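Asks: Handing you a structure now.
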Amino acid sequence: MGSIQEVAPQLTNGTTGGANGMALKLQNNRAKTIVDAAFKGKYGIAAVCCYNVEAIVATVRAAEAKRSPALIQLFPWSIEYADGLLLHAAAEAATNASVPIGVHMDHAQSPDIIRRAADLGGFDGIMVDMSHYEREENMRLSRELVQYCNARGIITECEPGRINGCEDGIQDTEGMEEILTTPEQAEEFVGLGIDWLAPAFGNVHGEYGPRGPQLDFPRLHSIAAQVGDRVRLVLHGAHEKYFQGELIGKCIEAGMAKMNINGPVAEAYCRVGAKLVGKVPLTKVIEEQTLAMQKVIEENMDWLGSTGKA
Ligand SMILES: [Zn+2]
């Protein structure tokens, strides 16, 4: 884990094997390109957690309506549930969209699911999340899996430290100690050749306690200063109840370039379903659910400042 000076520059990040073809492949990676542009342009990319085709359609429609780039995110659950079906639908939707869209796997927490997902083809990025392991094991597994993904043209995201709270289909880290990311730890992960880094600086998944988010911005700034422009910082735990306007602006200002959007999109889908199922034809239910999710995503794109950037 060398100093900043010793680490290869951005162009060859993650390709320490030195294969020029692979460096080019990673450089042209669409998820990387989308988030790099957001970092340079000081806006954020909505990375929308999708559980079904409706959510994929809603994400693409929102992005096209807002002329905004976007990322479709799938959980490992989608692979366990339907093998590569949802993934390949997402990849096709991304390819056919009139604006830049990438496909990323969120919180892949076992070596097996990461290799399986990478081998399926279709993911532009995978979050190699070994944060539920202790530090040494986290580093060892992350190093190995980052190389595995990079060798297949897939960029990676890692989580040094541990972001608490629970997301659908994701191992709950409750009971494990929350570990805030340090600049030194961030540096170690940059050395693994990752492209995106998800810092733990007081952010949690889902709803925050009665006091709302208590974010450690000095910590975030020191992490950002340490990693420089070698990796992009990405935000987990950006529930829209708290993260609009000023707070999202502060995160972007600190260098955050991708924000995960999950709960409110799923809620819109469920709310409309609960209201309409049995009362109107199923096709109408599906269309209304898609529209409701699209509206939530569009609103987030406005907050993130990505509207009009495609
Ligand atoms: Zn997360």
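This note's numbering puts the last residue of the sequence shown at 1774; the count rises by one with no breaks.
The beta-carbon is built from N, C-alpha and C at its ideal position, and this holds for glycine as well.
Predicted model, so just to flag it, every value in this text is computed and none were measured.
Can you tell me where the beta strand (DSSP E) with Met-1569 in it begins and where it stops?
Replies: Element bounds for Met-1569: 1565-1572.
Asks: Could you tell me the distance, in whole angstroms, from the CA atom of Gln-1474 to the CA atom of Ile-1520?
Replies: Its pLDDT being 40, under 50, Gln-1474 is placed unreliably by the model, and the measurement read from it follows with that caveat. Taking the straight line joining both Cα atoms gives about 31 Å.
Asks: Could you give the uninterrupted runs of the beta strand (DSSP E) lying entirely in the region 1676-1724, keeping only those of 3 residues or more?
Replies: Segments of the beta strand (DSSP E) lying fully in the region 1676-1724: 1696-1699.
Asks: Is the beta carbon of Ile-1627 within less than 7 Å of some heavy atom of ligand 3?
Replies: No copy of ligand 3 appears in this structure; the ligands present are ligand 1.
Asks: Any chance you could list the beta strand (DSSP E) runs of at least 3 consecutive residues sitting entirely within the region 1511-1542, in chain order?
Replies: Runs found: 1534-1538.
Asks: Straight-line CA distance for Arg-1696 to Ile-1750?
Replies: The straight-line gap from Cα to Cα measures roughly 36 Å.
Asks: Assuming contact is defined by CB atoms lying nearer than 8 Å, are Met-1723 and Ala-1511 in contact in what I supplied?
Replies: Taking 8 Å as the Cβ cut-off, Met-1723 and Ala-1511 qualify as a contacting pair.
Asks: Identify the continuous beta strand (DSSP E) that holds Ile-1618 and give its terminal residues.
Replies: Careful: Ile-1618 lies outside any beta strand (DSSP E) and carries neither H nor E.
Asks: Note down, in chain order, each residue of its chain lying with its Cβ closer than 8 Å to the Cβ of His-1703, except the 5 sequence neighbours on either side.
Replies: Answer for His-1703: Gly-1670, Glu-1671, Tyr-1672, Gly-1727 and Pro-1728, listed in chain order.
Asks: Please state the DSSP three-state secondary structure of Val-1471.
Replies: Confidence is the limiting factor: at Val-1471 the pLDDT is only 39, short of 50, which leaves the residue's position unreliable and the question unanswerable from this model.
Asks: Is the beta carbon of Ser-1562 closer than 8 Å to that of Glu-1528?
Replies: Cβ distance < 8 Å, so Glu-1528 and Ser-1562 count as in contact.
Asks: What does the alpha-carbon distance come out to for the pair Met-1720 and Glu-1652?
Replies: Roughly 19 Å separates the two Cα atoms.
Asks: Could you work out which residue in Arg-1607, Ile-1687 and His-1596 is closest to Asn-1628 when comparing CA atoms only?
Replies: Checked all of Arg-1607, Ile-1687 and His-1596; the closest Cα to Asn-1628 is His-1596.
Asks: State the DSSP-derived secondary structure class of Gly-1585, mapped to helix, strand or coil.
Replies: Coil.
Asks: Cutting at 6 Å between CB atoms, please list the residues of its own chain near Pro-1677, excluding the five before and the five after it.
Replies: Tyr-1706, listed in sequence order.
Asks: Under 8 Å, do Ile-1509 and Pro-1540 count as touching if we go by C-beta distance?
Replies: Taking 8 Å as the Cβ cut-off, Ile-1509 and Pro-1540 do not qualify as a contacting pair.
Asks: Could you spell out where the alpha helix (DSSP H) holding Pro-1647 opens and where it closes?
Replies: Its alpha helix (DSSP H) spans residues 1647-1654.
Asks: Would DSSP call Val-1729 helix, strand or coil?
Replies: Helix.
Asks: Among Glu-1752, Pro-1564 and Val-1668, which one has its Cα closest to the Cα of Leu-1740?
Replies: Nearest option by C-alpha distance: Glu-1752.
Asks: From which residue to which residue does the alpha helix (DSSP H) around Asp-1766 run?
Replies: That run of the alpha helix (DSSP H) goes 1746-1768.
Asks: For Asp-1593, count neighbouring C-beta atoms within 10 Å of its own C-beta (all shown protein chains included) and say buried if the count is 16 or more, exposed if not.
Replies: It is buried - the Cβ of Asp-1593 has at least 16 other Cβ atoms within 10 Å.
Asks: Out of curiosity, what's the CA-to-CA distance linking Glu-1717 and Lys-1506?
Replies: Rounded to the nearest angstrom, the two C-alpha atoms are 7 Å apart.
Asks: With hydrogens ignored, establish whether the beta-carbon of Asp-1583 is closer than 7 Å to any heavy atom of ligand 1.
Replies: Answer for Asp-1583: no, Cβ out of range of ligand 1.
Asks: Go through its chain and collect everything with a Cβ distance to Gly-1427's Cβ below 6 Å, but skip five positions before and after it.
Replies: Here the chain comprises residues numbered 1465 to 1774, so residue 1427 is not present and cannot be evaluated.
Asks: By how many angstroms is the C-alpha of Gln-1690 removed from the C-alpha of Pro-1663?
Replies: Rounded to the nearest angstrom, the two C-alpha atoms are 12 Å apart.
Asks: Give the secondary structure of Val-1668 by DSSP, where H, G and I count as helix, E and B as strand, and everything else as coil.
Replies: Val-1668 falls in the coil class under three-state DSSP.
Asks: For Asp-1693, is the beta carbon positioned less than 7 Å from some heavy atom of ligand 1?
Replies: Incorrect: Asp-1693 has no Cβ contact closer than 7 Å to ligand 1.
Asks: Compute the Euclidean distance between the alpha carbons of Cys-1514 and Gln-1537, then round it to the nearest angstrom.
Replies: Near 6 Å, if we compare the C-alpha coordinates of Gln-1537 and Cys-1514.
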